[in-house]
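The structure appears below as structure tokens.
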Amino acid sequence: MKQKEIMLNSLVNGKKITLSELSSEEIGKNHIMTSIDTPMKADAFKLSDDEKMNKIEFHFREIMETLGLDLTDDSLKGTPERVAKMYVKEIFSGLDPANKPKIALFENRYQYNQMLVEKEITFYSNCEHHFVPIFGKAHVAYISNGKVIGLSKLNRLVQYYAKRPQVQERFTMQIAKELQNVLQTEDVAVIIDAKHLCVSSRGIQDNSAATLTSFYGGKFANETTKQEFLRYVEMKTQY
Ligand SMILES: [Zn+2]
Numbered sequence: 109m110k111q112k113e114i115m116l117n118s119l120v121n122g123k124k125i126t127l128s129e130l131s132s133e134e135i136g137k138n139h140i141m142t143s144i145d146t147p148m149k150a151d152a153f154k155l156s157d158d159e160k161m162n163k164i165e166f167h168f169r170e171i172m173e174t175l176g177l178d179l180t181d182d183s184l185k186g187t188p189e190r191v192a193k194m195y196v197k198e199i200f201s202g203l204d205p206a207n208k209p210k211i212a213l214f215e216n217r218y219q220y221n222q223m224l225v226e227k228e229i230t231f232y233s234n235c236e237h238h239f240v241p242i243f244g245k246a247h248v249a250y251i252s253n254g255k256v257i258g259l260s261k262l263n264r265l266v267q268y269y270a271k272r273p274q275v276q277e278r279f280t281m282q283i284a285k286e287l288q289n290v291l292q293t294e295d296v297a298v299i300i301d302a303k304h305l306c307v308s309s310r311g312i313q314d315n316s317a318a319t320l321t322s323f324y325g326g327k328f329a330n331e332t333t334k335q336e337f338l339r340y341v342e343m344k345t346q347y
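Under our numbering, the first residue of the sequence shown is numbered 109, with each subsequent residue one higher.
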């Protein structure tokens, strides 16, 4: 079971280092991946969505007031409530396993045994170090082990894991491992091509930098198969 994962951001100045060697400021800068699982508290789902929204609304109002904003202003007064709802119901809804897409598999009746590539899946996520957007394209592929998955489910799985505070390396691995689990095969590949607003809109303010991460499991670790996948990803679609 050969697997190769390339994690561009887990290297600092070209050498691998463990998390404990870094200060939190450096972790923020370099986006070191800690684990495939999103770090969650044991009591993460003790509060209902409504209770979470009330709490976030209260604290977001505190943040705005601390910044000196006048919350009696017409334009600002609804913001804490809007942000709370957006966090819980939209952009961080993928933290709740109850929102995980239900995946139905089908028998591979047509005996299609080549790779299937779903490319240019647009996603919007948020960086867990700065809580600003990460967005880009995901390209996923698998070779059927007797089961096939509905195409839209590939897209939905990407969206589910995008709707969490993320680092790109973990995002890549979570999609890949989930697909391997669901499809009962090692033969899965994922490429994430993304822009991080924490790099372009603040900090180093590099507007042209892109971050690429990839996962090649099973047959995709084979150079010929990997190259075929990369060719499909690069191929310009005709519509
Ligand atoms: Zn960031």
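The C-beta atom is built at its ideal place from N, Cα and C for all residues, glycine as well.
- In the structure shown, T345 adopts coil according to DSSP, grouped into three states.
- When the five nearest sequence neighbours on each side are left out, the beta carbons in the same chain lying within less than 8 angstroms of the beta carbon of V256 are those of L213, F214, E215, N216, Y220 and L224, in order along the chain.
- Note: M223 is bridge-paired with I251 in the DSSP secondary-structure output.
- Straight-line measurement puts the Cα of Y218 at about 34 angstroms from the Cα of Y232.
- In this structure, the straight-line span from the alpha carbon of E170 to that of I242 is close to 26 angstroms.
- Counting every other CB atom within 10 Å of its CB across the protein chains shown gives D295 a total of 16 or more, marking it as buried.
- By the criterion of at least three beta-carbon pairs nearer than 8 angstroms, the region 274-294 is not in contact with the region 330-343.
- If you look at I283, you'll find it in the alpha helix (DSSP H) that goes Q276 to L291.
- Residues close to ligand 1 by the beta carbon criterion (under 5 angstroms to any non-hydrogen atom) are, from first to last along the chain, C235, H237, H238 and C306.
- With distances taken between CA atoms, R272 lies nearest to N234 out of L320, N234 and L305.
- By the neighbour-count criterion, in which a residue is buried when 16 or more other Cβ atoms sit within 10 angstroms of its Cβ, Y268 is buried.
- The beta carbon of K245 is closer than 8 angstroms to those of K227, E228, I229, T230, F231, I300, D301 and A302 in its chain, skipping five residues each way along the sequence.
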